[in-house]
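Asks: Following this message is one structure expressed as structure tokens.
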Amino acid sequence: AGTRNSHPRGNARNVLFLEISGAVSHIVSFDFKENAGTPKDLDVRKIHSDLQLSHLLFPRLESQMDKLAIVRSLLSHEEVHFRGQYYVQTGRQLNLAFAREIPAIGCVLASELEARRRSQDTFPTYMSFNLDKAFPGALSTGFLPPQFSVVDINPESAVKGMALDQKAVELLEERWQLLSRLREVSRPRLAGYGREMASYENFYETAHKLLSDERWPAAFRISDDDRKRYGNTPLGISAVLARNVLAQDAGTHYIHICHPGWDHHVQIWDRKASSNHYTLCAEFDPAFTSLLEDLGRLRSKTNPEKTLLDETLVVAMSEFGRTPGALNNMQGRDHYNRCFPAMFAGAGVKGGRALGRTDADGAKCLDTGWSLKEQPRIENVVATMFSALGIDWTKEVRNTPSGRTYVYVDPLGANGVIPTDEISTIYES
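Okay, so the sequence shown: first residue is 572 according to my numbering, each after it adds one.
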């Protein structure tokens, strides 16, 4: 039951979340501030009156800025990676006493959207790409049944082949029929095992439907042109696969993509370093740009008058930002949680705008970018995603294993009660 005021919009069929994992430096990306640590080669250009962007780092993304609303005023409860990325995946702080029963956001969405699944939907509601590279990995369903778990795909392995030849299909069907007969005979004996055995049966059913559906291998076909446009990198391949999965319209409605490696405490601008900001931006720019381009071009199978971008809320953000000002003594930037940006596109978002404002150093929030004086947090990003899918983010679950009430978006922050509103200004002109 909802206990606080919420009015879910229901303006999207899908949500795609791109996690810039490890934390991009906000002051050289989407809240640019020149300082002593800024390289001289960035070729920074004014995109519009309140946004500058490095042409060197994001040469293609420039063309898509009219689709993006950038909220530059986020505040995080956390300032270390494991806890910060757990916070991103669950929408709440890590509490070891209850962690086992806390589901990932995607699992909650899968549970809520289960009633909307059609007979032809065989793809899992919640899919992710490269999430095994995040510090916490792909989190579990917690107190929810395992049927709502994520299917996390390793992009490099996925493209090696998802199709079965005719002989394999025949063998699969033969074994499936045998398994079905064995399950029927054993059903009375296994009935007492409850949820655990039911979960196994659900996984069997899901796997059989997927392997029998021609749309599944089709979603994992990548052309040479795709590799060229998106970048032949794990992120590029993940973005192509996410596009393909949404284009199939086969039941997946929440996708989480992880782009790891942004933790540049040392040598952030050293081109000779194994990882640096130039390299990561060169992966992000073509992948994210091509994804926005293609979602804006492909027509929805449900409503041909709309594009996939019209019915998909796209969110891209890190778990926090990086320290402003001069570089540290290792020529890098450390963790910074007091203000950082999130980008939104699609599903009615009014693009071409920067919401919220920081000071000249990017260190302090001067304007929160919405109607409240408090800075928005990850909880508010989560509320925005729930709202877009038409889900009441104030809903409570009281029959958890611990007996502790689980609220979809938790109003209890690190230092007391926090606003749980959606960030409605991304839709307003």
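All residues carry an ideal CB built from backbone N, CA and C; glycine is no exception. Since the structure is predicted, the reported quantities are computational estimates derived from the model, not experimental observations.
Go ahead and label Gly573 buried or exposed: buried means 16 or more other beta carbons lie within 10 angstroms of its beta carbon, across all protein chains shown.
Replies: If you number the sequence shown from 1, residue 573 lands on position 2. The predicted model places Gly573 with a pLDDT of 40, which falls under 50 and marks its position as unreliable; any figure quoted below should be read in that light. Gly573 is exposed by the Cβ-count criterion.
Asks: Closer than 7 Å by C-beta to Asp820: which residues in its own chain qualify, once you throw out the five before and the five after it? Chain order, please.
Replies: Within the sequence shown, numbered from 1, the residue matching residue 820 stands at position 249. If we look at Asp820 and ignore the five residues flanking it on each side, its Cβ neighbours are Lys872 and Thr873.
Asks: Among Gly608, Ser600 and Ala607, which has the Cα closest to the Cα of Lys617?
Replies: To locate residue 617, count along the sequence shown from 1; it is residue 46. For the residues Gly608, Ser600 and Ala607, the minimum Cα distance to Lys617 belongs to Ser600.
Asks: Let's see if you can read the secondary structure: which residues bound the beta strand (DSSP E) around Cys829?
Replies: In the sequence shown, the residue the question calls residue 829 occupies position 258. Residues Tyr825 to His830.
Asks: With distances taken from CA atoms, which of Thr965, Arg643, Ile989 and Leu702 is nearest Val978?
Replies: Indexing the sequence shown from 1 puts residue 978 at position 407. The shortest Cα separation from Val978 among Thr965, Arg643, Ile989 and Leu702 belongs to Thr965.
Asks: Does the beta-carbon of Lys611 have 16 or more other beta-carbons within 10 angstroms, so that it is buried, or is it exposed?
Replies: As a first step, residue 611 is located in the sequence shown; it is residue number 40 there, counting from the start. With fewer than 16 other Cβ atoms within 10 Å, it is exposed.
Asks: Give the single residue among Gln718, Phe706 and Lys704 whose Cα lies nearest to the Cα of Gly677.
Replies: Taking the first residue of the sequence shown as 1, we reach residue 677 at position 106. Nearest option by C-alpha distance: Gln718.
Asks: Confirm, please, whether the CB-CB distance from Ser995 to Pro579 is below 8 Å.
Replies: Indexing the sequence shown from 1 puts residue 579 at position 8. Indexing the sequence shown from 1 puts residue 995 at position 424. Not in contact: Pro579 and Ser995 (Cβ atoms no closer than 8 Å).
Asks: Would you mind reading off the limits of the alpha helix (DSSP H) that contains Phe915?
Replies: If you number the sequence shown from 1, residue 915 lands on position 344. From DSSP, Phe915 is part of no alpha helix (DSSP H) but of the beta strand (DSSP E) over Phe911 to Ala916.
Asks: With DSSP as the reference, label Ser644 as helix, strand or coil.
Replies: As a position in the sequence shown, residue 644 is number 73, starting the count at 1. If DSSP states are grouped into helix, strand and coil, Ser644 belongs with the strands.
Asks: To which residues of the same chain is Ser1000 closer than 6 Å at the C-beta, ignoring the five residues directly before and after it?
Replies: Indexing the sequence shown from 1 puts residue 1000 at position 429. For Ser1000, where only same-chain residues beyond five positions count, the Cβ hits under 6 Å are Lys921.
Asks: Please confirm whether Arg948 and Ser647 have their CB atoms less than 8 Å apart.
Replies: For this step, residue 948 is matched to residue 377 along the sequence shown. For this step, residue 647 is matched to residue 76 along the sequence shown. Contact: yes.
Asks: Let me confirm a value: Ser728 is counted as buried when at least 16 other C-beta atoms fall within 10 Å, else exposed. Which label applies?
Replies: One-based indexing of the sequence shown puts residue 728 at position 157. Flag for Ser728 reads exposed.
Asks: Can you tell me which of the three DSSP states Gly892 falls into?
Replies: Taking the sequence shown and counting its residues from 1, the one referred to as residue 892 is at position 321. Gly892 falls in the strand class under three-state DSSP.
Asks: Starting from the C-beta of Val726, find all residues in its chain whose C-beta is less than 7 Å away, skip the five residues before and the five after it, and write them out in chain order.
Replies: Sequence index remark: in the sequence shown, residue 726 carries index 155 (1-based). Note on residue identity: the sequence assigns Pro, not Val, to residue 726. So the qualifying residues of the chain are Phe700, Asn701, Pro805, Ile808, Ser809 and Leu812.
Asks: In three-state DSSP terms, what is Phe653?
Replies: As a working note, residue 653 is residue 82 in the sequence shown. Phe653 falls in the helix class under three-state DSSP.
Asks: To the nearest whole angstrom, what separates the beta carbons of Ala686 and Glu882, a pair I think is in contact under 8 Å?
Replies: For the purposes of this step, residue 686 is taken as the residue at position 115 of the sequence shown. For the purposes of this step, residue 882 is taken as the residue at position 311 of the sequence shown. About 19 Å; that fails the 8 Å criterion.
Asks: What distance in whole Å lies between the Cβ atoms of Arg643 and Ala925, which are believed to be in contact at a cut-off of 8 Å?
Replies: By 1-based counting over the sequence shown, the position of residue 925 is 354. By 1-based counting over the sequence shown, the position of residue 643 is 72. 6 Å between Cβ atoms; contact.
Asks: Contact check, Arg671 vs Gly713 under 8 Å by CB: the rounded distance?
Replies: The sequence position of residue 671 within the sequence shown is 100, counting from 1. The sequence position of residue 713 within the sequence shown is 142, counting from 1. Rounded, the Cβ-Cβ distance is 7 Å, consistent with contact.
Asks: Starting from Tyr849 and walking both ways along the alpha helix (DSSP H), at which residues does that stretch end?
Replies: Taking the sequence shown and counting its residues from 1, one reaches residue 849 at position 278. Segment His848 to Arg868, the alpha helix (DSSP H) holding Tyr849.
Asks: I want to see whether chain D comes within less than 8 Å of Arg631, judged by CB atoms only; does it?
Replies: Judged by its chain identifiers, the structure shown contains no chain D, having just a single protein chain.
Asks: In chain order, which beta strand (DSSP E) runs of at least 3 residues are fully inside the stretch 678-713?
Replies: Counting only runs of 3 or more, we get 697-700.
Asks: Here's the rule: buried if 16 or more other CB atoms are within 10 angstroms of the residue's CB, otherwise exposed. What is Leu960?
Replies: Translated into positions along the sequence shown, residue 960 becomes position 389. Buried is the call here.
Asks: Between Tyr658 and the rest of its own chain, which residues show a CB-CB distance below 8 Å, the 5 nearest in sequence each way excluded?
Replies: Taking the sequence shown and counting its residues from 1, the one referred to as residue 658 is at position 87. For Tyr658, where only same-chain residues beyond five positions count, the Cβ hits under 8 Å are Ser647, His648, Glu649, Gln664, Leu665, Glu890 and Ile949.
Asks: Excluding the 5 residues flanking Val988 on each side, which residues of the same chain have their C-beta closer than 8 Å to its C-beta?
Replies: Residue 988 sits at position 417 when you count from the first residue of the sequence shown. If we look at Val988 and ignore the five residues flanking it on each side, its Cβ neighbours are Pro982.
Asks: When you compare each of Gln691, Val615, Arg800 and Ser861 to Arg786 by their alpha carbons, which one comes out closest?
Replies: Here residue 786 corresponds to residue number 215 of the sequence shown, with the count starting at 1. Nearest C-alpha to Arg786: Gln691.
Asks: Can you list, in chain order, the stretches of the beta strand (DSSP E) that have 3 or more residues and sit fully within the stretch 895-975?
Replies: For the stretch 895-975, whole beta strand (DSSP E) runs of length 3 or above, ordered along the chain, are 911-916, 924-926 and 936-938.
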